[in-house]
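See structure below.
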Amino acid sequence: MNLKIGVIKGDGIGPEIVTEAMKVLNKVAEVYGHTCDYTQLLMGGASIDVHGVPLTDETIAEAKACDAVLMGSIGGDAKTSPWYKLEPSKRPEAGLLKIRKALNLFANLRPAVLYDELKGACPLKEEITEGGFDMMIMRELTGGLYFGERKTEEVNGVMTAQDSLTYNEEEIRRIAKRGLDKANVLDSSRLWRKVVEEVSKDYPEVTVENMLVDNCAMQLVKDPKQFDVILTENMFGDILSDEASMVTGSIGMLASASLNETKFGLYEPSGGSAPDIAGKGIANPIATILSAAMMLRFSFDLDKEADSIEAAVSKVLKDGYRTIDIMSDGKTQIGTEEMGSLIAANIQ
Ligand code: IPM
Ligand code: MG
């Protein structure tokens, strides 16, 4: 199969971690008899430097022409980077928001899994993480606070945790349908709750439980095992997925897929561009590599190939190799490139 993949390396650690994910994809292609046809795309600061804007219409069109897009990260140091002297709509992050909207990527999946091997890197007490946990954060990605400030002011004036009034019913229905296959569900608004309850009637095998976001943030550290799926709106999902990632040991482990109603998806680690460690060769490429596995699974239906990446990651962790962010006593610390090479070498 020929895999037509758009590649947004982006800013900060982006180029380093994407290079490792491509190394692993190339190995998978070699072992399983596929070809990777990459199209390099500019977004974020890298695009500002060339085009003066964080995302051009041409780039959106090029992305659409691919079957999937693999992305690193965008953005720089807000204090020192010249990108942040620009008006907000021209800054790197605006490019990411624009591509999510332009490609209608409304469903963001962020799996938070505690690997047995990484228990040592998890900041929670052992009795809490005993047995591990495996949850999916399902974040609505094209609405909510991110996209509707004006509407919010008109309707309410004050945005409270329970009232994300910037959604319309149709938007919530879309994500609720996609998300409810086995769920505990986080409630973030009365409308959200109403629609989720309605949609859940079509899925009697799913247990739906409404939870307020502040309580959920607390429950995530008190008892993360209770969650299978957290279905939530855009801003809450942004915050809770960072929290969940830390519970798994490091944000460098958290993959993510942003999907529309077709097979197309944008795959990126949930973490940021980490400008403080960019270019040092120490960033953890695992979240990006696991995002590439999600890409093979969701956009190309290549389950075996995706499994092989996930198994290779587990193997390398089992063998005791760690990047600095997940390092613990008695393990072998390695850099970004070595981690990518070891995972690629373990693809079978
Ligand atoms: C994320 C990031 C983005 C977001 C930023 C970079 C715009 O934090 O993907 O979680 O807020 O969605
Ligand atoms: Mg975030």
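Note that this note's numbering has the sequence shown beginning at 76, numbered continuously upward. Beta carbons are placed, not taken as given, at the ideal position from N, Cα and C, and that holds for glycine.
Can you tell me where the beta strand (DSSP E) holding residue i begins and where it ends?
i	result
Pro129	Premise fails: Pro129 is in no beta strand (DSSP E) and is neither H nor E.
Gly115	Per the sequence shown, residue 115 should be read as Gln rather than Gly. Unbroken beta strand (DSSP E) run through Gln115: 110-115.
Asp209	209-215
Val82	77-85
Ala332	332-334
Met293	Careful: Met293 lies outside any beta strand (DSSP E), inside the alpha helix (DSSP H) at 288-297.
If I follow the unbroken alpha helix (DSSP H) through residue i, where does it start and stop?
i	result
Glu340	Before going on, a small fix: residue 340 reads as Gly here, not Glu. No alpha helix (DSSP H) holds Gly340; the beta strand (DSSP E) holding it covers 340-342.
Arg372	361-373
Leu100	89-107
Arg268	265-275
Ala169	167-177
Glu162	Unbroken run through Glu162: none, as it is neither H nor E.
Only counting the same chain, and skipping five residues up and downstream in sequence, which positions put a Cβ closer than 8 Å to that of residue i?
i	result
Leu295	Phe302, Leu315, Glu318, Ala319, Val322
Gly405	Gly395
Leu189	Cys197, Thr204, Gly207, Phe208, Asp209, Pro299, Val322, Thr323, Gly324
Ala169	Pro129, Leu130, Pro163
Looking at residue j and residue i, is the spacing between their C-beta atoms short of 8 Å?
i	j	result
Ser345	Ile364	no
Ser389	Ser366	no
Leu78	Thr110	yes
Leu171	Gly119	yes
Phe181	Leu216	yes
Thr411	Glu95	yes
Gly415	Val99	yes
Leu341	Ile174	yes
Ala292	Gly87	no
Gly356	Glu91	yes
Gln408	Ile418	no
Give me, in chain order, the residues of the same chain whose beta-carbon lies closer than 7 Å to that of residue i; leave out the 5 immediate sequence neighbours on both sides.
i	result
Arg372	Asp378, Ala381
Asp191	Gly207
Asn335	Leu178, Asn179, Leu180, Phe181
Lys257	Only weak support is given to the placement of Lys257: the predicted model assigns it a pLDDT of 34, under 50, and the question is left unresolved by the model.
Give me the DSSP bridge partner(s) of residue i.
i	result
Leu306	Met213
Pro186	Met211
Gln408	Arg397
Ser345	Looking at the DSSP assignment, Ser345 forms no beta bridge with any residue, so it has no partner.
Val144	Gly81, Leu341
In its own chain, which residues sit with a C-beta less than 6 Å from the C-beta of residue i, not counting the 5 before and 5 after it?
i	result
Ile123	Pro129, Trp158
Ile422	Lys102, Val103, Val106, Ser383, Ala387
Exercise. Around the ligand MG, what residues have a beta-carbon under 6 Å from a heavy atom of it, in chain order?
Worked result: Ordered along the chain, the selected set is Asp313, Asp317.
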